[in-house]
Amino acid sequence: MIEEAKISKVIADTYYESFTKALNSDVIIVGAGPSGLVAAYYLAREGIKTTVLERQLNAGGGMSGGGIMMNQIVFQEEGKELLEEFDITYKEYEDGYYTANSIESVSALTFKAIKAGAQILNLMSVEDVIIKEKQLAGLVVNRTVIEKIGLHVDPIMMESQYVLDATGHDAVVVNKLIDCMGNILDTPDGKIQREAAMWAEQGEKDVIVNTREVFPGLFVSGMAANATFGGYRMGPIFGGMLLSGRKAAIEITECLKNK
Ligand code: 48H
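Mind the numbering: the sequence shown is residues 453 to 711 in the working numbering, read in order.
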């Protein structure tokens, strides 16, 4: 016999069991776009307790929509090994230009991150940072719907050893950090630099260089890294995003090992 209230109880019990576990993570990744999902996969694969907080209903960030809603995306030579790692079907269009379906790409990244052990909590919006003794110690989180409607409902707090800002163009966590701590970044004026104009080739290089720790406990990846350090944008080519996520995971794993 199927009981209606039992269906609800199953959902509430199992959701809150995993939600409670996520309150203390090794790493919280903010944003389930391509760089965040790739980082989640590589971290979780190492047995690192990884939580991804995503504001939207679905994972994928800016990857799902391809270029102006044509759901194909482009990868360059350097991105090919990650297409293979994630088992994404791709075609070589011309020398050095590979293409894949954006929906399949997002699905593969999401599936592999979860299967590796990462937990993705969707409809969760990061609204503030926890800073203790000049170290990022966690995040302040609210339900997206509460944020959107503008209800006066207090958030909750989640702690982690490291946070990865993978929020794309908005670099939400870095911006919050600066609001709280002033202009403390390793940039000429200590401020966030904002991303530069379109230059795909340079932007793809910049995003790798700019992926790094920006404050004790806080790393940046993907477009958040280029927004932080003034890197160029690159349009719907995604090799750099995937490589950036992997670099962030490798560096965070190293830091956790050395703690
Ligand atoms: C929780 C949040 C919050 C918040 C935002 O934009 P993304 O796809 O990020 P990346 O950096 O992995 O990929 C960038 C790529 O999609 C892109 O935009 C490119 C290549 N642009 C080039 C160009 O020229 O424009 O994903 C970020 C994710 C999204 O899903 C957001 O919903 C989420 O972060 N997010 N999640 N709390 N406060 N803010």
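Beta carbons are placed, not taken as given, at the ideal position from N, Cα and C, and that holds for glycine.
Straight-line CA distance for residue i to residue j?
i	j	result
residue 530	residue 522	23 Å
residue 484	residue 656	19 Å
residue 705	residue 689	27 Å
residue 577	residue 507	5 Å
residue 561	residue 670	23 Å
residue 645	residue 622	12 Å
residue 661	residue 460	47 Å
residue 620	residue 470	26 Å
residue 480	residue 592	11 Å
residue 649	residue 454	57 Å
residue 527	residue 509	26 Å
residue 570	residue 493	7 Å
residue 476	residue 572	14 Å
residue 684	residue 675	9 Å
residue 711	residue 499	16 Å
residue 515	residue 544	19 Å
residue 604	residue 535	43 Å
residue 651	residue 568	34 Å
residue 628	residue 601	21 Å
So the candidates are the options; which of them puts its Cα closest to the Cα of residue i?
i	options	result
residue 597	666, 634, 575	575
residue 630	674, 582, 620	582
residue 594	539, 610, 555	610
residue 679	659, 563, 697, 668	659
residue 539	490, 498, 664	490
residue 698	612, 580, 565	565
residue 472	608, 643, 651, 666	608
residue 707	681, 682, 667	667
residue 647	687, 632, 628	687
residue 486	518, 601, 642	518
residue 549	559, 532, 497, 563	532
residue 590	554, 474, 547	474
Check the C-beta distance from residue i over to residue j and give it rounded, since I have them as a contact under 8 Å.
i	j	result
residue 525	residue 552	6 Å
residue 588	residue 673	Not a contact, Cβ separation roughly 15 Å.
residue 488	residue 618	3 Å
residue 677	residue 495	17 Å between Cβ atoms; not a contact.
residue 478	residue 612	6 Å
Can you name the start and end residues of the alpha helix (DSSP H) that residue i belongs to?
i	result
residue 708	691-709
residue 630	624-633
residue 576	Counting along the chain, residue 576 falls outside any alpha helix (DSSP H), though it belongs to the beta strand (DSSP E) covering 576-584.
residue 652	652-661
residue 530	Residue 530 -> no alpha helix (DSSP H), and no H or E assigned at all.
Locate the beta strand (DSSP E) running through residue i, then write down its first and last residues.
i	result
residue 466	First-last for residue 466: 456-474, but that is the alpha helix (DSSP H), not the beta strand (DSSP E).
residue 617	608-617
residue 605	From DSSP, residue 605 is part of no beta strand (DSSP E); its letter is neither H nor E.
residue 664	664-667
residue 595	587-595
residue 493	No beta strand (DSSP E) holds residue 493; the alpha helix (DSSP H) holding it covers 486-497.
residue 524	524-527
residue 676	Taken as a continuous stretch (DSSP letters only), residue 676 belongs to no beta strand (DSSP E), being part of the alpha helix (DSSP H) at 674-681.
residue 501	Per DSSP, residue 501 belongs to no beta strand (DSSP E) and is neither H nor E.
residue 546	543-546
residue 551	549-553
Stretch pair the region 497-505 + the region 627-643: three plus CB contacts closer than 8 Å
no
Flag this pair as touching only if the region 641-658 and the region 679-693 have three or more C-beta atom pairs under 8 Å; answer yes or no.
yes
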